[in-house]
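Q:
Protein chains: 2
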Amino acid sequence: MLSKTKIKQIKSLEYKKFRNELGLFVAEGEKLVTEILQSDFQINSLFCLPNTVLPKHNARLEIISETEMKRISFLKTPSTALAVIKIPDKKININVINSSLSIVLDDIQDPGNLGTIIRLCDWFGIQNIICSLKTADCFSPKAVQATMGAICRINVFYVELNDFFNNIDKNITVYGTFLEGENIYNTKLSSSGIIIMGNEGQGIAPEIEKYVNQKLYIPCFSNDAAKQPESLNVSVATAIVCSEFKRRFL
Amino acid sequence: MLSKTKIKQIKSLEYKKFRNELGLFVAEGEKLVTEILQSDFQINSLFCLPNTVLPKHNARLEIISETEMKRISFLKTPSTALAVIKIPDKKININVINSSLSIVLDDIQDPGNLGTIIRLCDWFGIQNIICSLKTADCFSPKAVQATMGAICRINVFYVELNDFFNNIDKNITVYGTFLEGENIYNTKLSSSGIIIMGNEGQGIAPEIEKYVNQKLYIPCFSNDAAKQPESLNVSVATAIVCSEFKRRFL
Numbered sequence: 001m002l003s004k005t006k007i008k009q010i011k012s013l014e015y016k017k018f019r020n021e022l023g024l025f026v027a028e029g030e031k032l033v034t035e036i037l038q039s040d041f042q043i044n045s046l047f048c049l050p051n052t053v054l055p056k057h058n059a060r061l062e063i064i065s066e067t068e069m070k071r072i073s074f075l076k077t078p079s080t081a082l083a084v085i086k087i088p089d090k091k092i093n094i095n096v097i098n099s100s101l102s103i104v105l106d107d108i109q110d111p112g113n114l115g116t117i118i119r120l121c122d123w124f125g126i127q128n129i130i131c132s133l134k135t136a137d138c139f140s141p142k143a144v145q146a147t148m149g150a151i152c153r154i155n156v157f158y159v160e161l162n163d164f165f166n167n168i169d170k171n172i173t174v175y176g177t178f179l180e181g182e183n184i185y186n187t188k189l190s191s192s193g194i195i196i197m198g199n200e201g202q203g204i205a206p207e208i209e210k211y212v213n214q215k216l217y218i219p220c221f222s223n224d225a226a227k228q229p230e231s232l233n234v235s236v237a238t239a240i241v242c243s244e245f246k247r248r249f250l
Numbered sequence: 251m252l253s254k255t256k257i258k259q260i261k262s263l264e265y266k267k268f269r270n271e272l273g274l275f276v277a278e279g280e281k282l283v284t285e286i287l288q289s290d291f292q293i294n295s296l297f298c299l300p301n302t303v304l305p306k307h308n309a310r311l312e313i314i315s316e317t318e319m320k321r322i323s324f325l326k327t328p329s330t331a332l333a334v335i336k337i338p339d340k341k342i343n344i345n346v347i348n349s350s351l352s353i354v355l356d357d358i359q360d361p362g363n364l365g366t367i368i369r370l371c372d373w374f375g376i377q378n379i380i381c382s383l384k385t386a387d388c389f390s391p392k393a394v395q396a397t398m399g400a401i402c403r404i405n406v407f408y409v410e411l412n413d414f415f416n417n418i419d420k421n422i423t424v425y426g427t428f429l430e431g432e433n434i435y436n437t438k439l440s441s442s443g444i445i446i447m448g449n450e451g452q453g454i455a456p457e458i459e460k461y462v463n464q465k466l467y468i469p470c471f472s473n474d475a476a477k478q479p480e481s482l483n484v485s486v487a488t489a490i491v492c493s494e495f496k497r498r499f500l
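The listed protein sequences correspond, in order, to chains S and F.
Using our numbering, you'd call the opening residue of the first sequence number 1 and step up by one each time.
Using our numbering, you'd call the opening residue of the second sequence number 251 and step up by one each time.
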């Protein structure tokens, strides 16, 4: 039986303030909870409906009713399992950043976009995502769900981007996507470096643009010269950029 | 002053049943409404807050208050302009399909994914999207907003896919994205053809798969052989596929 205090605590995890205070976040769905249980994440509490199949784990499992699940779920259609998880405390490894390909997100606002970007970084073997402090929180329920489990495998850091750029190797190539620059399809790309993706409406901020030493753009193929689309969705643009970087080194 | 009947009518357009009955859909936001007014779409009614700047148009404009806008808006944060638009009656041109690159969507469920796909097709100059009858409705408020105006420029058709495939040229290449097949990065791709993208959970249905004559997959670059991600978000996968098809013919 779920206590009112517990329900209130779980529901409070919709908000970043309470996630940070409690150091906890929520993941839902049998598939996602299964991936969490098989990862290094530490479980705070675990709830499921009767007859739900979950892998072996050490967490204390509480079997609850559908009505109770509805009370704690953030989904429109509550699923069969919900886990409350400790937010991991990870530190950036600058040596890894200096020698691999990483993504920097400059104020991505939409948690769905963020979650989708984490998911596609997992697909493309990009291990580290460095976010500006104003970027959406990767532990918000919407972002976590959109990662489809990639949140277990990808490191997401929140830092003051100026500090970050001042700490990395000065010789590393910093790519930025803009509406002008070099056509990404014809440009030599390196197997390591930083790719900056900008805010949904504003793109990369001028104070971050100064760190870019290779501007890239994705050419538009629209047939109608009079009515060109303005931009691509940021998660879609990130996917195209990651695909271009990775296919070159197949 | 908005009548209760008008408010009720507009709010009913959240549902496909009423959109089809009335032949109307809603678009919101100054930018999107501006694009709609500059397109061939016919306006049924148009609402904006005082001092909103819209381009010249022939529609009857009603200036309303913020409170009234909140009553008719589908957005969490209502914008300054809302248009009610006639759903266009477009017919597939099979000759165009036979000689260009088109996308077929097999039961895409999420209106946000659908809107994002319409937007990226606009970017990549893919003029025609053919959807199975169970694919999300492109005129739902969420899909329209996610297109960011591309709904004005791209043709979206809803048809029985078996009929569609039986009507097109037998020599056209039909590509389908799967988890196996040919690595898309190394495969010869044609400048015209059909690309089928499948449902978010199930992929391409077996009864549609039979029309595919070239299976493609996007290779996974994950470093962790033990914990590979299962799939990519469908709008992200569509973006990568379109990017590959188009860059070859730059």
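Don't be surprised by glycine CBs; every beta carbon is placed ideally from N, CA and C.
Here the structure is a predicted model, which is why all the values come from computation and not from measurement.
Closest Cβ-Cβ distance between V33(S) and chain F: below 8 Å?
A: Position 33 of the first sequence, counting from 1, holds the residue named residue 33(S). Taking Cβ atoms only, chain F never reaches closer than 8 Å to V33(S), which makes this a no.
Q: Just the chain F side, please: which residues come within less than 9 Å of L179(S) by C-beta, in chain order?
A: Within the first sequence, numbered from 1, the residue matching residue 179(S) stands at position 179. Residues of chain F passing the Cβ test: none, with the nearest at roughly 12 Å.
Q: Shortest alpha-carbon distance to S329(F) belongs to which of E432(F), V406(F) and G279(F)?
A: If you number the second sequence from 1, residue 329(F) lands on position 79. Here the closest residue by C-alpha is G279(F).
Q: Do V84(S) and N44(S) count as a contact pair if the criterion is CB distance below 8 Å?
A: Taking the first residue of the first sequence as position 1, residue 44(S) is located at position 44. Taking the first residue of the first sequence as position 1, residue 84(S) is located at position 84. In contact: N44(S) and V84(S) (Cβ atoms closer than 8 Å).
Q: Can you find at least 3 beta carbon pairs, one from the stretch 395-405 of chain F and one from the stretch 237-248 of chain S, that sit closer than 8 Å?
A: In short, these stretches do not touch, since the Cβ pair count stays below three.
Q: With respect to the beta strand (DSSP E) encompassing V486(F), which residues constitute its N-terminal and C-terminal limits?
A: Translated into positions along the second sequence, residue 486(F) becomes position 236. Where V486(F) is concerned, there is no enclosing beta strand (DSSP E), although the alpha helix (DSSP H) it sits in stretches over V484 to R497.
Q: How about C131(S) and F157(S): are their beta carbons less than 8 Å apart?
A: What you label residue 131(S) is simply residue 131 of the first sequence in a count that begins at 1. What you label residue 157(S) is simply residue 157 of the first sequence in a count that begins at 1. Yes. Within cutoff.
Q: Helix, strand or coil, according to DSSP, for D356(F) in the structure here?
A: The residue you call residue 356(F) lines up with position 106 of the second sequence. Strand.
Q: Is the beta carbon of R119(S) sitting closer than 8 Å to the one on P479(F)?
A: Here the question's residue 119(S) lines up with position 119 in the first sequence. Here the question's residue 479(F) lines up with position 229 in the second sequence. Yes; because the gap between Cβ atoms is below 8 Å, this pair is in contact.
Q: Quick check on Q259(F) - is its C-beta less than 8 Å from some C-beta in chain S?
A: Indexing the second sequence from 1 puts residue 259(F) at position 9. False, the Cβ-Cβ gap to chain S never drops below 8 Å.
Q: Cβ closer than 7 Å: which chain S residues qualify as neighbours of K514(F)?
A: The requested residue 514(F) does not occur in the structure, where chain F is confined to residues 251 to 500.
Q: Drop a sphere of 10 angstroms on the beta-carbon of I108(S), count the other beta-carbons inside from all chains shown, and report buried for 16 or more, exposed for fewer.
A: On the first sequence, position 108 is the one that residue 108(S) refers to. Under this definition I108(S) is a buried residue.
Q: Any beta-carbon of chain F closer than 8 Å to the one on R60(S)?
A: Numbered from its first residue, the first sequence carries residue 60(S) at position 60. Closer than 8 Å: no.
Q: In chain S, what lies closer than 7 Å to C470(F) by C-beta?
A: Taking the second sequence and counting its residues from 1, one reaches residue 470(F) at position 220. Going along chain S in sequence order, the residues near C470(F) (Cβ under 7 Å) are W123.
Q: Taking buried to mean at least 16 other C-beta atoms within 10 Å of its own C-beta, is Y265(F) buried or exposed?
A: As a position in the second sequence, residue 265(F) is number 15, starting the count at 1. Result: exposed.
Q: Name the chain S residues that come within less than 7 Å of V486(F), Cβ to Cβ?
A: To locate residue 486(F), count along the second sequence from 1; it is residue 236. Near V486(F) (Cβ distances below 7 Å), the residues of chain S are T116, L120, S235, V236 and A239.
Q: Give the C-beta separation of V491(F) and N363(F) to the nearest angstrom, bearing in mind that I take them to be a contact with Cβ-Cβ under 8 Å.
A: Taking the first residue of the second sequence as 1, we reach residue 491(F) at position 241. Taking the first residue of the second sequence as 1, we reach residue 363(F) at position 113. Their Cβ separation, rounded to whole angstroms, is 14 Å, which puts V491(F) and N363(F) out of contact at 8 Å.
Q: So which residues of chain F does D224(S) contact, with C-beta pairs closer than 7 Å?
A: The residue you call residue 224(S) lines up with position 224 of the first sequence. In chain order: R403.
Q: Is the CB-CB distance between M197(S) and D106(S) below 8 Å?
A: As a working note, residue 197(S) is residue 197 in the first sequence. As a working note, residue 106(S) is residue 106 in the first sequence. Their beta carbons are under 8 Å apart, which means M197(S) touches D106(S) by this criterion.
Q: Who are the neighbours of Q109(S) on chain F, taking C-beta pairs under 8 Å?
A: For this step, residue 109(S) is matched to residue 109 along the first sequence. Going along chain F, no residue has its Cβ under 8 Å from Q109(S), so there is no contact; the nearest lies around 12 Å.
Q: Please classify Q377(F) as buried or exposed, where buried requires at least 16 other C-beta atoms within 10 Å of its C-beta.
A: Along the second sequence, read from residue 1 onward, the residue named residue 377(F) stands at position 127. Per the 10 Å Cβ criterion, buried.
Q: Starting from L232(S), find everything on chain F with Cβ-Cβ shorter than 8 Å and list it in chain order.
A: Locating residue 232(S) in the first sequence gives position 232, where the first residue counts as 1. Within chain F, the residues near L232(S) are R369, L370, W373 and A489.
Q: Taking 8 Å as the CB-CB limit, is A333(F) close to chain S?
A: The residue labelled residue 333(F) in the question sits at position 83 within the second sequence. Cβ-Cβ to chain S under 8 Å: no for A333(F).
Q: Residues of chain S with a CB under 8 Å from the CB of K496(F): which are they?
A: In the second sequence, counting from the first residue as 1, residue 496(F) sits at position 246. The answer, in chain order, is F221.
Q: Just mark S190(S) as buried or exposed, buried being the case when its beta carbon has 16 or more other beta carbons within 10 Å.
A: Walking along the first sequence from the start, residue 190(S) turns up at place 190. S190(S) comes out exposed.
Q: Hey, how far is the Cα of L351(F) from the Cα of V394(F)?
A: By 1-based counting over the second sequence, the position of residue 351(F) is 101. By 1-based counting over the second sequence, the position of residue 394(F) is 144. When rounded, the distance between both Cα atoms is 23 Å.
Q: Going by the CB atoms, is the gap between A27(S) and C48(S) shorter than 8 Å?
A: In the first sequence, counting from the first residue as 1, residue 48(S) sits at position 48. In the first sequence, counting from the first residue as 1, residue 27(S) sits at position 27. No, they are not a contact pair.
Q: Can you tell me whether S132(S) is helix, strand or coil according to DSSP?
A: Your numbering for residue 132(S) matches position 132 in the first sequence. Of the three classes helix, strand and coil, the one that applies to S132(S) here is coil, per DSSP.
Q: Output the boundary residues of the alpha helix (DSSP H) element that contains N113(S).
A: Within the first sequence, residue 113(S) is the residue found at index 113, counting from 1. P111 to W123 is the extent of the alpha helix (DSSP H) around N113(S).
Q: Would you mind telling me which residues of chain S sit closer than 9 Å to L500(F), beta carbon to beta carbon, in chain order?
A: The residue given as residue 500(F) occupies position 250 in the second sequence. The answer, in chain order, is N183, Y185, N186, P219 and F221.
Q: In angstroms with no decimal places, state the Cα-to-Cα distance between I117(S) and S140(S).
A: Stepping through the first sequence from its first residue, residue 117(S) is reached at position 117. Stepping through the first sequence from its first residue, residue 140(S) is reached at position 140. Whole-angstrom Cα-Cα distance: 14 Å.
Q: By Cβ distance below 6 Å, which residues in the same chain neighbour Y63(S) in space, the five residues on each side in sequence not counted?
A: Position 63 of the first sequence, counted from the start, is the residue given in the question as residue 63(S). First, the amino acid is wrong: residue 63(S) is Ile here, not Tyr. If we look at I63(S) and ignore the five residues flanking it on each side, its Cβ neighbours are P50.
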